[in-house]
Amino acid sequence: MGIVKISDQMHENLRIASGALSRSINAQAEHWLRIGLLAETNPDLNYSELCQLLLRGDTGGGPLRLSPLSREALHDA
């Protein structure tokens with residue numbers, strides 16, 4: 001575990017989002033990091049499809065899938 005420095009504005013955004021979504025600030029930051037990593041490695045998938053990957057556990061418990069997954073593969077699984 002390490003320390004990540006973020007801007008005051010991003011911390012405020014995290015605080016607001018975490019309160020609205022009943023997550024801790026750290027949990028909200030991790031969620032955004034996961035979604036961002038999945039979005040960068042799967043640019044053809046939309047937010048809902050990325051959340052489906054997370055909900056189905058397709059990202060595993062460890063490092064997230066870094067190889068792109070096609071939209072067809074997502075819906076066929």
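Just so you know, the UniProt record's numbering puts the end of the sequence shown at 77, numbered straight through with nothing missing.
Even for Gly, the Cβ is constructed at its ideal location relative to N, Cα and C.
All figures in this text were calculated on a predicted structure; none of them were measured in a lab.
Within 10 angstroms of the beta-carbon of Q9 lie fewer than 16 other beta-carbons, which makes it exposed.
Excluding the 5 residues flanking it on each side, A17 has same chain C-beta neighbours closer than 7 Å at Q28, in chain order. Residue nearest to M1 within the set D44, N46, E30 is E30 (criterion: CA-CA distance).
Per DSSP, reduced to three states, the secondary structure at N13 is helical. According to the DSSP assignment, I35 belongs to the alpha helix (DSSP H) that extends over 25 to 41.
In the three-state reduction of the DSSP assignment, G57 falls in the coil class, being assigned neither a helical nor a strand state.
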